[in-house]
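Working notes, beginning with the structure itself.
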Amino acid sequence: MIDATDPISPITMADLKNEFRKTIGRVEPGGYLKILTLGARPGDLTVMFDGCNPGDGSTVDSWTNNPSRRQKKWEDAFEDPLTNLADQIPNGESTSQSPIMAGIQKIKLSLFDSSLAKEKTAKRIIVASDMIEHTALYSQYRSGLDYQKYLDSAADRTYGTSLDGVGFTILYVDRAKKPFGSFEHAEFWTRWVQSHHGDFEKLVGLEGLN
Numbered sequence: 414m415i416d417a418t419d420p421i422s423p424i425t426m427a428d429l430k431n432e433f434r435k436t437i438g439r440v441e442p443g444g445y446l447k448i449l450t451l452g453a454r455p456g457d458l459t460v461m462f463d464g465c466n467p468g469d470g471s472t473v474d475s476w477t478n479n480p481s482r483r484q485k486k487w488e489d490a491f492e493d494p495l496t497n498l499a500d501q502i503p504n505g506e507s508t509s510q511s512p513i514m515a516g517i518q519k520i521k522l523s524l525f526d527s528s529l530a531k532e533k534t535a536k537r538i539i540v541a542s543d544m545i546e547h548t549a550l551y552s553q554y555r556s557g558l559d560y561q562k563y564l565d566s567a568a569d570r571t572y573g574t575s576l577d578g579v580g581f582t583i584l585y586v587d588r589a590k591k592p593f594g595s596f597e598h599a600e601f602w603t604r605w606v607q608s609h610h611g612d613f614e615k616l617v618g619l620e621g622l623n
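Structure representation (C-alpha cells):
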C-alpha cells in the first residue's frame, strides 16, 4: 500500500522506486501481488496492479510443459505490466486525512479474509508512508504517540483489525515537520501491529527528508 495523501521529495521517491522494484523481484512463482494507493477517505484504495506471478519459462519442465508459452504468459501477465509501474507511483498532494489504519483494515478484510485466500499461505503487508495517522477519529498530529490516547479514541474500535498470520513491513517516509521522533513512531506502530496479532518484520527508512 502506497500512501498518496502527502507529497514526497524526489530523493525519497527515487529510493521508494528502488524498494518497489526489490519487492516485486521477491514475488515467487505462484505468488499473488496487489499494489494499492491510499486516498484521503477511510477505505479508499486505488488498484495499480492485481495479479499472480505465473513463473517464467525457466520454472517449468520442458518435457511436460512448454517453456516458451510459459515465458510469454509471464511476460504478458507479470513482467511487462510491472516493468514501468514504479515510474507511475503517484506523488500525492496534501489531503485532509491520512487514514492508514483504515487502509490496512480494508486490505485485510477484502484480500486476506476472502474466500480466495489460502489459509496457510504466507501473507505480507508492505506500507510505504510517513505513517502519520490523521483522521477525524484519531490524529497523531493532535494526540502525539501516547498509545493510551489511541486506545481511548473511536479509531481503535472502528479501524482495528486482526492481523493474525500477517507479516508487516514499513517503508518509512521521514518528515521534518512532525511532532515526535522517528524511533518513537516506529515503536508505536510496532505495538499497534503486535497488539493486533501481526508480525512486525521491519521498518526500512527511505532516504531523504520531506
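Residues in the sequence shown are numbered consecutively from 414, following my numbering. Note that the Cβ used here is the ideal one computed from N, Cα and C, for glycine as well.
- Message: Check whether the stretch 485-492 and the stretch 450-461 are in contact - that is, three or more C-beta pairs closer than 8 angstroms.
- Response: no
- alpha helix (DSSP H) containing Ala599: first to last residue? Ser595 to Ser608
- Item | Limits of the unbroken beta strand (DSSP E) element including Gly580 | According to the DSSP assignment, Gly580 belongs to the beta strand (DSSP E) that extends over Val579 to Tyr585.
- Excluding five sequence neighbours on each side, which residues of the same chain lie with their C-beta closer than 8 angstroms to the C-beta of Gln510? Thr418, Ala453, Arg454, Pro455, His547, Thr548 and Ala549
- Spell out the partners DSSP gives Phe462 in its beta bridges. Ile448
- If Cys465 sits next to Gly444, beta carbons under 8 angstroms apart, how far is it from one beta carbon to the other, in whole angstroms? 7 angstroms
- Query: Who does Leu615 pair with in a DSSP beta bridge?
  - Reply: With the sequence shown as reference, residue 615 is identified as Lys, and Leu is not the correct amino acid for it. According to DSSP, residue pairing for Lys615 in a beta bridge involves Thr582.
- Task: Give the straight-line distance between the Cα atoms of Pro467 and Leu495, rounded to the nearest whole angstrom.
- Result: 13 angstroms
- Label Ser471 either buried or exposed according to how many other C-beta atoms from any shown protein chain fall within 10 Å of its C-beta, with 16 as the threshold for buried. exposed
- Take Asp612 and list the residues in its own chain whose beta-carbon comes closer than 6 angstroms to its own, dropping the five residues that flank it on each side. Gly580
- Message: Let me confirm a value: Asp416 is counted as buried when at least 16 other C-beta atoms fall within 10 Å, else exposed. Which label applies?
- Response: buried
- Can you have a look at His609 and say buried or exposed, based on whether 16 or more other CB atoms are within 10 angstroms of its CB? Buried is the call here.
- Query: Looking at the unbroken alpha helix (DSSP H) that takes in Ile538, where does it start and where does it end?
  - Reply: Counting along the chain, Ile538 falls outside any alpha helix (DSSP H), though it belongs to the beta strand (DSSP E) covering Lys536 to Ser542.
- Task: With DSSP collapsed to three states, give me the class of Asp416.
- Result: strand
- Item | Complete alpha helix (DSSP H) runs within the stretch 481-519 (minimum length 4 residues, chain order) | 493-496
- Message: In whole angstroms, give me the CA-to-CA distance for Trp605 and Met461.
- Response: Distance between the alpha carbons of Trp605 and Met461: 27 angstroms.
- Message: According to DSSP, simplified to helix, strand and coil, what is Ser552?
- Response: strand
- Message: Using a 10 Å radius around the Cβ and a threshold of 16 neighbouring Cβ atoms, would you call Thr534 buried or exposed?
- Response: Exposed, because fewer than 16 other Cβ atoms sit within 10 Å of the Cβ of Thr534.
- Query: What residue does the alpha helix (DSSP H) around Lys562 start on, and which one ends it?
  - Reply: Tyr560 to Asp565
- Item | Alpha-carbon to alpha-carbon, Thr450 and Gln501 | 11 angstroms
- How would you call Phe596, buried or exposed, if buried means at least 16 neighbouring beta carbons within 10 angstroms? exposed
- Message: If the criterion is Cβ atoms closer than 8 angstroms, does the pair Val586 and Glu432 meet it?
- Response: no
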